[in-house]
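For the sequence shown, position 102 matches number 102 in the UniProt record's numbering, and the numbering has no gaps at all.
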Amino acid sequence: VRVRLPSEPKWLRSAMDHRGEMGWCDLLKQVGVHAGAFQLICGCVQSPVPSTLDVPVVEGSMVTSAHICSWTDYYRARGLCESSPLAVLLSFPLTLYHILSRLRLADVHRPVRIHYLGPEKELHLLPLFRELAVLMPSSTLIINMVGPVADELPRPVTFEGSQGGSVSIHVHGGPGVWYHSLELPPPDVVVALNAGLAAAGYNWSPSLRRIQQQRLPFFFTDYSEYSAEKAVAFAAAHAMVPTVAVSLNPFRAPLRQPRVNGGSVAFPWLSNGFLAGFYSEAVAHHRVENERGDMNS
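Below you can see the structure in the form of structure tokens.
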């Protein structure tokens with residue numbers, strides 16, 4: 001599960017060492033980024049007012065139009081310093097980019113609508129979603145984020161890419177605001193990152209039933225392979241058809257759970273670590289037929 005960057009800086013070796021006992025705060029201090037948005041990761045900043053955190057900006061323009069399949073591809077295409085820890089924060093927009101690429105929605109000349117369920121840290125990292133406009137310069141993305149978040153909601157925002165493309169984000173939230181309780185324009189895909197579909201205390205059933213009834217493509221990520229497999233079984237019990245098996249997400253965050261105070265996590269545990277996808281039977285069949293047609297053309 002090691003995350004590959006163009007090089008392996010010292011912080012990355014420490015971040016991925018399952019035997020290490022260095023906590024996230026100490027690790028971020030070692031890299032010199034224990035401030036601003038990075039403190040969302042270690043928990044030193046919790047529930048800040050959106051738009052008040054210092055969110056790093058990815059400078060420069062794309063140096064290649066090649067398809068981005070990994071962190072190494074992305075760092076080289078964007079000209080990032082090989083030792084940059086930005087991947088820790090960029091895992092959210094880059095995972096969404098990966099999902100859109102799998103659905104062949106990364107280069108379409110029409111608005112692409114995304115329903116993004118259960119945002120938490122993402123609400124404070126919205127400027128980083130501008131990367132989607134940079135990576136998809138011919139696309140117009142409309143993202144509706146939905147969840148019962150208690151934080152003050154950020155205002156609607158639109159980010160423009162330097163060579164075209166745009167990303168508009170609208171947040172719908174508050175106590176008791178769940179996806180199944182809202183009426184939104186039909187999406188091209190529904191996503192839930194670090195979802196915890198099968199975790200105790202989360203009531204995903206009504207939303208999954210709605211997704212299944214409307215036959216919408218649905219992708220999620222989870223921290224561990226075990227949690228992801230449990231989530232697949234939970235969704236399958238709601239008549240969801242798994243069409244993308246649980247696999248390592250190429251844009252998982254390079255920061256695994258450390259051993260702290262003698263404790264340990266015996267399995268890989270990373271933000272957006274594992275990904276899986278579902279369609280209803282009708283959507284899956286239609287997609288397979290389209291792919292066969294593409295292969296025969």
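We treat Cβ as the ideally placed atom computed from N, Cα and C, and that holds for glycine.
Query                                                                                                                 : Result
Nearest residue (CA-CA) to H180, options D151, I169, P156, G147                                                       : G147
Rounded C-alpha distance that separates residue 298 from S247                                                         : With the chain running from 1 to 297 in the structure shown, residue 298 is simply not present.
Same chain only: Cβ atoms within 6 Å of Y74, ignoring 5 sequence neighbours per side                                  : I68
Residues of its chain near F278, where Cβ-Cβ distance is below 7 Å and the 5 sequence neighbours each way are ignored : F218, A235, M240, V241, P242, T243
Opposing strand residues paired with T158 [DSSP bridges]                                                              : S168
Three-state class that DSSP yields for L141 in the structure shown                                                    : strand
Under the three-state DSSP convention, the category R209 falls into                                                   : helix
Nearest-angstrom Cβ-Cβ length linking A228 and S91, presumed shorter than 8 Å                                         : About 15 Å; that fails the 8 Å criterion.
Per DSSP, cross-strand counterpart(s) of H115                                                                         : N144, V190
Close-in-space but distant-in-sequence residues of the same chain around P186 (CB under 8 Å, 5 per side omitted)      : R113, Q214, L216
As assigned by DSSP and simplified to three states, the class of A200                                                 : coil
Per-residue DSSP class, three states only, for R130                                                                   : helix
Distance, F274 Cα to N249 Cα                                                                                          : 5 Å
For L28, three-class secondary structure by DSSP                                                                      : helix
N-terminal and C-terminal residue of the alpha helix (DSSP H) that P93 is part of                                     : 87-102
Beta-carbon gap between M136 and A87 smaller than 9 Å                                                                 : no
Given L103 as reference, the closest of V189, R256, G36, T95 once Cα atoms are compared                               : V189
Residue from A35, Q212, F129, A195 with nearest C-alpha to S166                                                       : F129
Residue span of the alpha helix (DSSP H) that contains L40, given as start and end                                    : 39-42
Where S247 falls: helix, strand or coil (DSSP)                                                                        : strand
Secondary structure of D222, DSSP reduced to three states                                                             : strand
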